[in-house]
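Protein sequences, first through last, are from chains A and B.
Heads up, my numbering is the position in the first sequence plus 161, with the first residue counted as 1.
Heads up, my numbering is the position in the second sequence plus 24, with the first residue counted as 1.
These notes are about the structure you will find just below.
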Amino acid sequence: MDTGAKAKKKKKRFEILDHTADIGLIVYGEDLKTLFENAAEAFFQLITDLKRVRQKEERKVELQGESLERLMVDWLNELLYLRDVENLLFKKFEVTVVGEEGLKAKVKGEVFKTGVHVIKTGVKAVTHHQIQVKREDGGWKAQVILDL
Amino acid sequence: MRSGLSRKDIQGRMKDLVDGLFINIPSGVGSHRKDLKLNREEQRQVLKKGARWAVERGFGTAEDIEHIEELGCIEGADPDSVSEKAMERGKGQLGTLGSGNHFVEVGYVAEVFDEDIARVLGLWKDQVTVLVHTGSRGFGHQVCDDYIRVMMNAARKYQIELPDPQLCCAPVSSPEGERYLEAMACAANYAFTNRQMISHWVRETFEQVLKKRPRDLQLDLVYDVCHNIAKVETHTVNGEKKKLCVHRKGATRAFPPNHRDIPEDYRSIGQPVLIPGDMGRCSYVLIGTEKAMKETFGSTCHGAGRVMSRHQAIKMAKGRAVVREMEDKGIIVRGASRGTIEEEIPEAYKDVNDVVNVVHHAGISLKVAKLVPMGVIKG
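Written out as structure tokens, the structure reads:
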């Protein structure tokens, strides 16, 4: 691995934005696919301790084309929906298509088990409040506010 | 809920009560009662009938209904306006507490500010009380999520300029607005049903743990009121009676004496208002006033409000034994996870005493009784 690639790898992928009542995620990615993958990982890292989650179940996510901002909210809300309905915690995200044509992804994780997994933060919903998805410094940056 | 018990009657039993509540009331991710499975038609009935459905199924009594806002059922609820996704998400969550700031709290009346009103509400000093705080769970969030899409398109259609996409909206009388209100009513009815079921399990837990019969416990519902809902109501604006859609978010209804939407036995005193504080301080029972009707469309505050972000709270709680600290103060706490307890530490909230004094002195609701917690379960 050359040093350039190493430096790229070490680049911060996401950070948490502290709000009094809610919480925000700032996410980075060198391209759109990585941005959406990183957003999902940040989201689940906030919810649980990902070290304890294994990749036992796989789900496919397909979303219709929207603006990138709406697509970002829809993507995270779809994962939250799967967590609610199927009790799944996800840790691996592979976005194959993202853009005007919509989003396609494979996500892997495990069913929540008391005693094995922990819930760090109870997220109620992903909001459109102050949503941003934009190009920055040759890559992409997104901001999402979560309702807790 | 009020009870026929004095706090002396449950001395030394709080740990058993809290453990019992924690077993009987599903809290935290994925937990639900194994004895509760609803098919789609039953689920539709829940959305249409609200708390009445719960009572028909043996959760609570007909008297409870009298003490719920709108008799536990918002009119006009139409399950056809609810998406398949929302139905699916709501299916396993009915009769569950949920995470975040949702809780069941056993406390006692520590102070009575207005003896006459307290008497009408059946409240007296040292009486054991129970507060239940939960809502429409993932079902409500899915309804919201679905209609945000609708409203984003509607805002464009009706040329409403928005400072933020989350504020998307449509005229109340538009097809989009009407459909949303039908779906929102379903979510409200889901929430009434949810609380009704949990109240029933609170009663069962008290019966099991204290080995007492319902008529000895007298766990009666004082009142059940929403704090995030839009309602069509009549208000006086510039001397003229008008039909308005009042959205109370982070606020609760506080109707004055003699209002026709108040239960008959409370009509002379006004609508009871419940204001929960944090798990370490106290909560309040207040009463609605004419001034609220004039100044705030019959509304008042609904809680203390956070002063610290959840992350700040967790950081502050680091290395501390929060459950133990609470126990030292005489409050038994059980939660589904450590994180959800830590983010709810008392310091994370404004002092509810200050908040309640503000609304009391502003006259938009008046203090009746102060409740101090003894046992809490959290989602």
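Here a beta-carbon is modelled for each residue, glycine too, at the ideal position from N, C-alpha and C.
Going straight from the alpha carbon of G185(A) to that of E264(B), what length do you get?
Here the question's residue 185(A) lines up with position 24 in the first sequence. Here the question's residue 264(B) lines up with position 240 in the second sequence. Each residue's alpha carbon lies about 44 Å from the other.
With 16 as the cutoff for other CB atoms within 10 Å, does N238(A) come out buried or exposed?
By 1-based counting over the first sequence, the position of residue 238(A) is 77. N238(A) comes out buried.
Check whether chain B comes within 8 Å of T282(A), counting only Cβ atoms and requiring the distance to be less than that.
The residue you call residue 282(A) lines up with position 121 of the first sequence. Using a Cβ-Cβ cut-off of 8 Å, T282(A) counts as an interface residue toward chain B, since at least one Cβ of chain B sits closer than that to its own.
Quick check for students: name the residue ranges of the alpha helix (DSSP H) that lie wholly in the stretch 219-273 of chain A, counting only runs of 4 or more.
229-247
Which residues does DSSP list as the beta-bridge partners of T258(B)?
On the second sequence, residue 258(B) is found 234 positions in, with the first residue counted as 1. Answer is K267(B).
Run through the DSSP bridge pairs and tell me what E297(A) is partnered with.
For the purposes of this step, residue 297(A) is taken as residue 136 along the first sequence, with counting starting at 1. E297(A) pairs with G300(A).
When the distance is taken between beta carbons, is G283(A) closer than 8 Å to G403(B)?
Residue numbering aside, residue 403(B) sits at position 379 when the second sequence is read from its first letter. Residue numbering aside, residue 283(A) sits at position 122 when the first sequence is read from its first letter. It is a contact, given that the beta carbons lie within the stated cut-off.
Give the residues from the stretch 341-361 of chain B that approach chain A closer than 8 Å (Cβ to any Cβ), ordered along the chain.
A360 and S361
Of the residues I208(A), W301(A), K221(A) and K172(A), which one's Cα is nearest the Cα of K194(A)?
In the first sequence, the residue the question calls residue 194(A) occupies position 33. The residue from I208(A), W301(A), K221(A) and K172(A) with its alpha-carbon nearest to that of K194(A) is W301(A).
Any C-beta of chain A under 8 Å from that of Q67(B):
Within the second sequence, the letter at position 43 stands for residue 67(B). Not one chain A Cβ lies under 8 Å of Q67(B).
Nearest-angstrom Cβ-Cβ length linking G54(B) and F273(A), presumed shorter than 8 Å:
If you number the second sequence from 1, residue 54(B) lands on position 30. If you number the first sequence from 1, residue 273(A) lands on position 112. The pair is a contact, with the Cβ atoms about 5 Å apart (cut-off 8 Å).
Would you call the CB atoms of G52(B) and S123(B) closer than 8 Å?
In the second sequence, the residue the question calls residue 52(B) occupies position 28. In the second sequence, the residue the question calls residue 123(B) occupies position 99. Their beta carbons are under 8 Å apart, which means G52(B) touches S123(B) by this criterion.
DSSP state of L186(A), grouped into three classes?
Working through the first sequence from its first residue, we reach residue 186(A) at position 25. L186(A) falls in the strand class under three-state DSSP.
Counting pairs of beta carbons, one from the stretch 320-335 of chain B and one from the stretch 365-376 of chain B, are three or more of them closer than 8 Å?
Cβ pair count under 8 Å is three or more, so yes.
Which residues in chain B have a C-beta closer than 7 Å to the C-beta of Q291(A)? List them in chain order.
Taking the first sequence and counting its residues from 1, one reaches residue 291(A) at position 130. By Cβ distance, chain B contributes D188.
Looking only at its chain, what residues have a beta carbon closer than 6 Å to the beta carbon of G165(A), apart from the 5 residues adjacent to it on each side?
Locating residue 165(A) in the first sequence gives position 4, where the first residue counts as 1. Any reading at G165(A) is ruled out, since the residue's pLDDT is 44, under 50, leaving its predicted position unreliable.
Would you report the Cα separation of E176(A) and I187(A), rounded to the nearest angstrom?
As a working mapping, residue 176(A) is identified with position 15 in the first sequence. As a working mapping, residue 187(A) is identified with position 26 in the first sequence. The alpha-carbon atoms of E176(A) and I187(A) are separated by roughly 5 Å.
Of all the residues that make up the stretch 262-280 of chain A, which are near chain B by a beta-carbon distance shorter than 7 Å?
Taking 7 Å as the Cβ-Cβ cut-off, the stretch 262-280 of chain A approaches chain B at F273, V279 and I280, given in chain order.
What would DSSP say about P199(B), mapped onto helix, strand or coil?
Here residue 199(B) refers to the residue found at position 175 when the second sequence is read from its first residue. Residue state, collapsed to three classes: helix.
Could you name the residues of the same chain whose beta carbon sits closer than 8 Å to that of A168(A), not counting the 5 residues immediately before and after it, in chain order?
The residue you call residue 168(A) lines up with position 7 of the first sequence. With a pLDDT of only 46 at A168(A), under the threshold of 50, the placement of this residue in the model should not be trusted; the figure read from the coordinates follows. Once the five neighbours on either side are set aside, A168(A) has no close Cβ partner at all.
Can you confirm whether M38(B), when its beta carbon is compared against all beta carbons of chain A, has any partner nearer than 8 Å?
On the second sequence, position 14 is the one that residue 38(B) refers to. Not one chain A Cβ lies under 8 Å of M38(B).
From M162(A) to G190(A), what does the alpha carbon distance come to, in whole angstroms?
The residue you call residue 162(A) lines up with position 1 of the first sequence. The residue you call residue 190(A) lines up with position 29 of the first sequence. At M162(A) the pLDDT is 40, less than 50, meaning the model places this residue with poor confidence; the figure from the coordinates comes in the next sentence. If I take the Cα positions, the gap works out to 19 Å.
DSSP three-state assignment for R215(A), whether helix, strand or coil:
In the first sequence, the residue the question calls residue 215(A) occupies position 54. It is coil, neither helix nor strand.
Show which residues of chain B have a CB atom less than 7 Å away from the CB atom of L309(A).
Against the first sequence, residue 309(A) aligns to sequence position 148. Simply G124 and R334.
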